[in-house]
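Since the structure comes first, as structure tokens, the remarks are kept for the end.
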């Protein structure tokens, strides 16, 4: 009986030892929280600073200081900037690299060959894409809870835009050189969220594509969306509005100026464009 008791005790000790070993192996297998994160892309820059404390960021791209393209130029002065060069990133020895899928391809491939962990993001052309990118970066930097809070706030704003206007005003986004945004663009997704019909998509445009002037005139938009003026690029909006035909359209439509920063990167803040479009749509309805 005593021998049986000893065997039982040894079995219990062995079971406890096994649990300790499995726990240790699990801890060893779990990836450590990245503490030196490098971002090589404006879009990943802005997601990263929204998700982690500055002390965990090893470098940001130089584009974060572009006042026309970025929401936060001049901020985070203590963080080194990079231009997407391999030697810049390697010199900082990051434990995680964030990049855009369609930029700095050679650098990204080289970093992967050198053994660095690189997370690449696709260009966001829908609100679901924005949520997916937030979720991917949040998971990579071990801040999933914070990422979900950002997504929830985005969803709440989208919900607040419902129901859509009864008359669904028609809008066109006009960029320099008569380029407009059709289907499969972030602007189209934002117009849909605002309950506004995108003339570019209705005309069969896909992506950003030329819109003939005569087609624009015949479409008679209720809302004319143009790039916002900026001190560094003051001519873009002015050049558009100086054209006599565009000036005539602007006199009969609501004109909404949108910063490039809201559209170059699909970010939770991009929904602010949909909010502004909804306000313009409400004003356009009142003018009818």
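In the numbering used here, the protein residues as written are 19 to 306.
A virtual CB, placed ideally from N, CA and C, is assigned to each residue, including glycine.
Out of 300, 69, 187, which one is the CA nearest neighbour of residue 162?
When each option's Cα is compared against that of residue 162, the closest is 69.
Hey, is the region 261-268 in contact with the region 230-239, meaning 3+ C-beta pairs nearer than 8 Å?
Counting Cβ pairs under 8 Å, three or more are found: they touch.
Please classify residue 275: does DSSP put it in a helix, a strand, or coil?
Under the three-state reduction of DSSP, residue 275 is assigned to strand.
Are at least three pairs of beta-carbons, each pair with one atom in the region 167-175 and one in the region 138-157, less than 8 Å apart?
Because the criterion of three Cβ pairs below 8 Å is met, the region 167-175 and the region 138-157 touch.
Just verifying my parser: in three-state terms, what is the DSSP assignment at residue 195?
In this structure, residue 195 counts as helix in the three-state DSSP scheme.
Can you name the start and end residues of the alpha helix (DSSP H) that residue 148 belongs to?
Counting along the chain, the alpha helix (DSSP H) containing residue 148 begins and ends at 145-158.
Where residue 225 sits in the DSSP three-state scheme
Three-state DSSP puts residue 225 in coil, outside helix and strand.
For residue 240 and residue 187, what's the separation of their Cα atoms in angstroms?
The alpha-carbon atoms of residue 240 and residue 187 are separated by roughly 6 Å.
With respect to the alpha helix (DSSP H) encompassing residue 242, which residues constitute its N-terminal and C-terminal limits?
In this chain, residue 242 is not harboured by any alpha helix (DSSP H); it is covered by the beta strand (DSSP E) spanning 241-245.
Taking DSSP's pairing of strands, which residues face residue 77 in a bridge?
Paired residue(s): 56.
Roughly how many angstroms separate the alpha carbons of residue 181 and residue 133, rounded to a whole number?
It is roughly 50 Å from the alpha-carbon of residue 181 to the alpha-carbon of residue 133.
Tell me whether the region 103-113 and the region 84-94 touch, counting them as touching only if at least three CB pairs, one residue from each stretch, are closer than 8 Å.
These segments do not touch.
For the structure I just gave you, are there three or more beta carbon pairs, one from the region 291-301 and one from the region 270-278, closer than 8 Å?
Yes, they touch.
Taking Cβ to Cβ, would you say residue 237 is nearer than 7 Å to residue 218?
At the C-beta level, residue 237 and residue 218 stay beyond 7 Å of one another.
When you compare each of 66, 76, 200 to residue 111 by their alpha carbons, which one comes out closest?
The option with the nearest alpha carbon to residue 111 is 76.
Select from 65, 192, 118 the residue whose C-alpha is nearest the C-alpha of residue 166.
Checked all of 65, 192, 118; the closest Cα to residue 166 is 65.
Own chain partners of residue 164 with C-beta closer than 7 Å, once the 5 adjacent residues on each side are dropped
Counting only Cβ-Cβ distances below 7 Å, and skipping sequence neighbours, we find 69, 156.
Hey, could you find the ends of the alpha helix (DSSP H) residue 165 is sitting in?
Element bounds for residue 165: 162-178.
Between the C-alpha atoms of residue 223 and residue 169, what's the straight-line distance to the nearest angstrom?
Distance between the alpha carbons of residue 223 and residue 169: 29 Å.
Considering only residues of the same chain and omitting the five flanking positions on each side of residue 58, which have a CB-CB separation below 6 Å?
Same-chain partners within the cutoff: 79, 102, 117, 122.
Taking residue 282 as the reference, give the member of 53, 82, 295, 50 with the closest Cα.
Scanning 53, 82, 295, 50 for the CA closest to the CA of residue 282 turns up 82.
For residue 118, which beta-bridge partners are listed by DSSP?
Note: residue 118 sits in a beta bridge opposite 139.
How would you label residue 235, buried or exposed, when you count the other beta carbons within 10 angstroms and need 16 or more for buried?
Under this definition residue 235 is an exposed residue.
Can you give me the C-alpha to C-alpha distance between residue 208 and residue 95, rounded to a whole angstrom?
Roughly 32 Å between the two C-alpha positions.
Opening and closing residue of the alpha helix (DSSP H) in which residue 101 lies
Run containing residue 101: none; DSSP gives neither H nor E here.
State the Cα-Cα distance for the pair residue 304 and residue 129, rounded to the nearest angstrom.
Straight-line measurement puts the Cα of residue 129 at about 56 Å from the Cα of residue 304.
Taking the C-alpha atoms as reference points, what is the distance between residue 143 and residue 206?
Roughly 8 Å between the two C-alpha positions.
Using three-state DSSP, classify residue 10 as helix, strand or coil.
Only positions 19 to 306 of the chain appear in this structure, which leaves residue 10 out of reach.
Please work out which residues of its chain come closer than 6 Å, Cβ to Cβ, to residue 214, disregarding the five sequence neighbours upstream and downstream, and give them in chain order.
Excluding residues within five positions, the ones whose Cβ falls inside 6 Å are 187, 189, 295, 299.
Roughly how far, in whole angstroms, is the beta-carbon of residue 242 from the beta-carbon of residue 267, given that I think they are within contact range, below 8 Å?
Their Cβ separation, rounded to whole angstroms, is 6 Å, which keeps residue 242 and residue 267 in contact under 8 Å.
Rounded to whole angstroms, what's the CA-CA distance from residue 200 to residue 220? Just pull it up for me.
CA-CA distance, residue 200 to residue 220, rounds to 8 Å.
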